[in-house]
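If you read the sequence shown in full-length UniProt numbering, its first letter stands for residue 1, the second for the next number, and so on.
Think of the CB as a built atom: it goes at the ideal place given N, C-alpha and C, for glycine as much as any other residue.
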Amino acid sequence: MEDNQVAQEEELQALQAIYGEEDCTVFPEDARCVIFLSDIGVVIRALFPQEYPSDAAPLLEVEAPHLPFDAEAELHRKAEEMLAETPGNVMMFELIEWLKEKAVDIMETLEKEQEVQDVSGDASTEQWGLANDELLNDLDNYATDEAVAHELEAQHLAQVAAAIVTGNTFSEKRSVFQAHVAPARSVEDVEAVIAALLQNRKVAMATHNIMAYRIDATNGVWAQDYDDDGETAAGNRLLHLLQCTGARDVVVVVSRWYGGVKLGPDRFKIINNVARVLLDKCGYVNKSAKESHSGGSKGKRK
1 MEDNQVAQEE ELQALQAIYG EEDCTVFPED ARCVIFLSDI GVVIRALFPQ EYPSDAAPLL
61 EVEAPHLPFD AEAELHRKAE EMLAETPGNV MMFELIEWLK EKAVDIMETL EKEQEVQDVS
121 GDASTEQWGL ANDELLNDLD NYATDEAVAH ELEAQHLAQV AAAIVTGNTF SEKRSVFQAH
181 VAPARSVEDV EAVIAALLQN RKVAMATHNI MAYRIDATNG VWAQDYDDDG ETAAGNRLLH
241 LLQCTGARDV VVVVSRWYGG VKLGPDRFKI INNVARVLLD KCGYVNKSAK ESHSGGSKGK
301 RK
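In structure tokens form, the structure reads like this:
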């Protein structure tokens with residue numbers, strides 16, 4: 001068993017070195033890891049039993065939300081088959097690389113099937129003569145306008161994403177917390193920041209993304225609001241932090257990946273602490289602020 005423990009610890013260290021701390025979160029005390037393959041949108045969760053690698057395989061969970069359910073289930077089934085065929089050796093790296101290859105194969109197959117459907121649909125439309133030149137021109141113009149709009153939106157989100165600062169992760173009893181901070185001068189800025197953050201699959205898959213913003217709307221009026229995202233009362237506390245620190249023209253989001261162990265009230269302290277550390281690092285904490293904790297009129301709560 002001791003040899004297994006050493007092998008597990010070494011494998012976890014190797015995985016984090018290969019895939020990076022950003023995409024590979026390890027929990028040595030629990031002998032488990034979570035790996036985000038962001039380039040293909042696959043999440044792998046692995047738990048090492050005491051008998052691994054000598055006499056057992058890792059307990060595996062594979063998530064690919066962008067794939068159809070049957071394709072995701074097939075990916076998981078094939079991974080289990082591979083594990084059953086290679087007992088006695090550490091195997092996570094080989095398994096992950098194999099999963100990446102299989103996921104790409106599945107995505108390429110789905111894309112080809114979609115192309116065939118598109119071609120078939122085009123041929124059917126032409127065969128029945130349902131489209132005339134004027135309609136086609138209108139559709140072309142519409143498609144062009146849509147493409148331009150999407151490109152502009154993508155450029156805008158890229159600019160917004162570049163301004164987002166993400167803090168270090170903090171782990172507590174299997175839960176992982178991470179703060180994100182960005183400047184905001186309007187509610188539209190806040191919405192753009194949220195949209196940009198959710199383009200990161202890891203953030204999008206967080207159990208909760210607690211948000212609060214506080215914007216100086218001049219003349220003593222504050223535009224401010226919060227969103228608990230299911231973590232009841234956390235958003236209000238996060239907004240209270242912005243008020244107490246005198247932070248202005250900023251939106252802060254704290255992502256939490258729930259690890260299965262309830263933290264009780266301590267979770268609020270951790271959420272506010274990781275947020276405050278990053279706010280301070282980014283220069284938003286006004287240590288000499290004497291504003292009241294209310295900070296002016298509140299926006300509508302969500």
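Endpoints, the alpha helix (DSSP H) within which N89 is located
That residue, N89, is in no alpha helix (DSSP H); it is neither H nor E in DSSP.
Span of the alpha helix (DSSP H) holding V6?
2-19
Assuming contact is defined by CB atoms lying nearer than 8 Å, are V193 and V160 in contact in what I supplied?
In this structure, V160 lies closer than 8 Å to V193 by Cβ.
From E188 to S38, what distance separates their C-alpha atoms?
27 Å
With DSSP as the reference, please indicate the residues paired to L198 in a beta bridge.
DSSP, once it has assigned bridges, lists no residue as partnering L198.
Could you pull the DSSP bridge partners for W257 from this structure?
V176
Output yes or no for whether 8 Å exceeds the beta carbon distance between G246 and N286.
yes
Cβ contact check for the segment 33-48 and the segment 96-116: 3 or more pairs under 8 Å
yes
Beta-carbon separation (whole angstroms), V62 vs L15, contact threshold 8 Å:
That belief does not hold up - the Cβ atoms of V62 and L15 are roughly 15 Å apart, past 8 Å.
Straight-line gap, E191 to G264 (C-alpha atoms, nearest Å):
About 30 Å.
Straight-line Cα distance separating E81 from K269:
Looking at the two C-alpha atoms, the distance is approximately 43 Å.
C-alpha gap between N185 and T169, whole angstroms:
Inspection of the sequence shows that residue 185 is occupied by Arg rather than by Asn. Using only the alpha carbons, I get a separation of about 27 Å.
So the candidates are V250, Y52, D70; which of them puts its Cα closest to the Cα of M107?
Of the candidates V250, Y52, D70, the one whose C-alpha sits nearest the C-alpha of M107 is D70.
N- and C-terminal bounds of the alpha helix (DSSP H) containing A275
266-281
Within 10 Å of its beta-carbon, does T232 have 16 or more other beta-carbons around it, so buried, or fewer, so exposed?
exposed
Looking at C-alpha atoms only, which residue of V181, Q8, E51 is the closest neighbour of K281?
V181
Helix, strand or coil for D249 per DSSP?
coil
Between A64, L47, E113, which has its C-alpha nearest L83's C-alpha?
Minimum Cα distance to L83 is reached at L47.
Express the C-alpha separation of V26 and D55 in angstroms, rounding to a whole number.
22 Å
Distance between beta carbons of D249 and I210, contact taken as under 8 Å
Incorrect: roughly 19 Å between the Cβ atoms, too far for contact.
Assigned secondary structure, N236 (DSSP; H/G/I helix, E/B strand, else coil):
Reduced to three states, the DSSP call for N236 is helix.
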